[in-house]
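Student: Okay, handing you the structure first.
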Amino acid sequence: GGVAAYKVVDLASKLTAIGAGVKTVMTENACRLVGPKSFEAVTSSAVFTSLWETPGGHEISHTALLDWADIVVVAPATANIIGKIANGICDDLLSTVLCACWAKPALLAAAMNSNMWNNPAVQRNVTVVKEMGFELIGPEEGRLACGAEGIGRMSEPEDILEAIEKIASKAKRKK
C-alpha cells in the first residue's frame, strides 16, 4: 500500500455515486494506511484482505472476485505490486487476483517515489505489464509524500474515474 491510498476512498465513493459496484481488496500494508471501514462505508460492501479469511465467513475465492468484476482497478499501483504482476508473484489476495486477470480490462494507477519510478527494474516491469494488456495512468508530477517535488503522485480520483469510463466504453464495444 502506498501513501496515496487515502485518495482511493474518494475514488471508491465517486464510483459508487455513479452506480458502479465496488469490491475492495486491500493488502496488509494498505490496511496500515487506510482503514478498511472507510471503504466499507463508501461502498456498502465488505473489504477483502486475505486469501484465507473472507468477510462474514463467506466463501469467495480470488477467481470469484475476478469473475464478478467488469474492470479491475489497482490504486495506488506501487512498485511492489507492479513487480508482482510482471513476474507472476502470488503471495497475497491482491497479487493472486491480478495474476489471474491478465485477460480482463485492468487499470493501474501508478504511485511511488520518483527514485522508485525511475529505477530501471521498475521501468522494465512497467513495460511488461503494459505488454500483458494492463493500462496505466500516472504517475503525475507534483509534491510527493516525502516532501520532494517530482514524478510519482497518483493521478487524481477524477482522472482515474475518467480512465475507468474509457476502458469500460472500449470493453462494451468489443462485446
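Those letters in the sequence shown? Residues 1283 to 1457, per our numbering, in order. Quick reminder that beta carbons are idealized off the backbone N, C-alpha and C, glycines included.
(1) Return yes when at least one heavy atom of the ligand NAP lies under 7 Å from the C-beta of G1370, else no.
(2) Nearest CA to the CA of E1431: which residue from R1314, F1330, N1395?
(3) Rounded to whole angstroms, what is the Cα-Cα separation between G1365 and C1383?
(4) What ranges does the alpha helix (DSSP H) occupy inside the segment 1374-1432, keeping only unbroken runs of at least 4 residues that lie completely in it?
(5) So the beta strand (DSSP E) A1357 belongs to, where does it begin and stop?
(6) Measure from the alpha carbon of A1427 to the alpha carbon of each residue in K1452, L1315, N1407, then state which is nearest.
(7) Examine chain D for any beta-carbon lying closer than 8 Å to the beta-carbon of D1352, and answer yes or no.
(8) What did DSSP end up calling T1306 once you bin it into helix, strand or coil?
(9) Identify the residues that DSSP records as bridge partners of R1435: which are they?
(10) Between which two residues does the alpha helix (DSSP H) holding W1350 run?
(11) Alpha carbon to alpha carbon, how far is L1348 from T1325? Give it in angstroms, no decimals.
Tutor: Let's see:
(1) Of ligands this structure carries none, so the ligand NAP is not represented either.
(2) N1395
(3) 15 Å
(4) 1375-1382, 1396-1399, 1402-1413
(5) 1354-1359
(6) L1315
(7) Here chain D cannot be found, since the structure has a single protein chain.
(8) strand
(9) E1422
(10) 1344-1350
(11) Distance from the CA atom of T1325 to the CA atom of L1348, rounded to whole angstroms, is 17 Å.
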